[in-house]
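S.K.: Shown below is the structure under consideration.
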Amino acid sequence: MQHVSDVPVFRLFFPRRAAAMVPLINSANCQVAGFVVATVGWILTTTSMGLVEWRVWYVENSALLPPGLVCVGMWKVCVYHQVSDHSKATLCQRYGYRTAYLPLDIRVSQSLLLIASILGLLGRASIIFALRNAYLGVVRGNTNFNPLVTSGILNLASGVCISIAVVWNYHSVMSEQGISFPPSLSIPFKPNTQEIGSAFLVACLAAFMMLLSGLIFLSHKFSAATQVHPQTSDM
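Just so we're aligned: the sequence shown equals residues 53 to 287 in our numbering.
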């Protein structure tokens, strides 16, 4: 037996309003969790774009380059080699999408990561709009624009773009593909050994979080729709 004193005052005086607000609050909590995941994923996406350690080349002593390390990123390449026991020399050169010597996988990955960043930003804007509606108690009818579904689709598309760039980069490293850098950099076409770098792992985590956030938004919308229109069995 529940006493009147145990019932929240809001539910006591406004039972219908309280019942209507419960699904909105639950929806907002799910949206906040998805928003946090999407935000972290978007930050990792933009961070991975600027990192240079997508491919790590180990170069032994040669006529072109002393022993050292070459890090190949999406937008620049950096050469590190030991000059003396206490000093290292670093040479970095930026490049863009139209740089002639870049292989196809890097140029496509540049575009994919840019698209993923833009899609992720639009997805965050859409979910902010959905959170505003949830916390203000705005119940939208059947419209052509649903911010929750839109954000889920945008985040899923962003995660797919990042995943393609990640898988292509992994394949290029595993197949030991070379790059014809300009002679001014004195970098050989292929290193002695190469491996994936830390930027690859950051991008993997970004892709996972963007895909996860998209699934959170879409699955929550689907579950909410099934609750509003439950299936009934014929008696």
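All C-beta atoms in this analysis are idealised placements derived from N, C-alpha and C, irrespective of residue type, glycine included.
Taking 8 Å as the cut-off, is the CB of Ser271 close to at least one heavy atom of the ligand SAH?
M.R.: Looking for the ligand SAH in the displayed structure turns up nothing, as the structure carries no ligands at all.
S.K.: Contact defined as beta carbons within less than 8 Å: I believe Trp94 pairs with Gly172. What is the distance between those atoms, to the nearest angstrom?
M.R.: Confirmed, about 4 Å.
S.K.: So, using beta-carbon positions, are Cys213 and Leu257 closer together than 9 Å?
M.R.: Cβ atoms of Cys213 and Leu257: not closer than 9 Å.
S.K.: Between Ser210 and Leu237, what straight-line distance do the alpha-carbon atoms span, to the nearest angstrom?
M.R.: The alpha-carbon atoms of Ser210 and Leu237 are separated by roughly 34 Å.
S.K.: From what residue to what residue does the beta strand (DSSP E) around Leu121 run?
M.R.: Residues Gly120 to Val124.
S.K.: Beta-carbon within less than 7 Å of Thr98's beta-carbon, same chain only, minus the 5 sequence neighbours each way: which residues are those?
M.R.: Once the five neighbours on either side are set aside, the close Cβ partners of Thr98 are Ser169.
S.K.: Please work out which residues of its chain come closer than 6 Å, Cβ to Cβ, to Val131, disregarding the five sequence neighbours upstream and downstream, and give them in chain order.
M.R.: The answer, listed in chain order, is Val122 and Leu143.
S.K.: Give the single residue among Met126, Ser161 and Glu228 whose Cα lies nearest to the Cα of Gln145.
M.R.: Answer by Cα proximity: Met126.
S.K.: Measure the alpha-carbon distance for Val111 versus Ala182 and round it to whole angstroms.
M.R.: Rounded to the nearest angstrom, the two C-alpha atoms are 51 Å apart.
S.K.: Along the chain, where does the beta strand (DSSP E) containing Ile231 start, and where does it finish?
M.R.: Here Ile231 belongs to no beta strand (DSSP E), and DSSP marks it neither H nor E.
S.K.: Using DSSP bridges, identify the partner residues of Ala141.
M.R.: In the DSSP output, where bridge partners are listed per residue, Ala141 has His133.
S.K.: In the DSSP assignment, find the beta strand (DSSP E) that holds Tyr110 and state where it starts and stops.
M.R.: Arg107 to Val111 is the span of the beta strand (DSSP E), which, as asked, contains Tyr110.
S.K.: Can you tell me the Cα-Cα spacing of Ala141 and Ile239, whole angstroms?
M.R.: Cα-Cα distance, rounded: 14 Å.
S.K.: Who pairs with Lys128 in a beta bridge, going by DSSP?
M.R.: Paired residues: Arg146.
S.K.: Starting from the Cα of Leu208, find the closest Cα among Lys128, Trp109, Gly266 and Ala90 and give me that residue.
M.R.: Checked all of Lys128, Trp109, Gly266 and Ala90; the closest Cα to Leu208 is Gly266.
S.K.: What does a CB cutoff of less than 7 Å around Gly120 pick up in its chain, not counting 5 residues either side in sequence?
M.R.: Here the set comprises Val111, Val131, Tyr132, His133 and Gln134.
S.K.: If you count every other CB in all the chains shown that lies within 10 Å of the CB of Leu156, and 16 or more means buried, which is it?
M.R.: So Leu156 counts as exposed.
S.K.: Could you tell me how far apart the beta carbons of Val108 and Ile231 are, in whole angstroms, since I believe they sit closer than 8 Å?
M.R.: Going by Cβ atoms, the distance from Val108 to Ile231 rounds to 13 Å, so no, they are not a contact pair.
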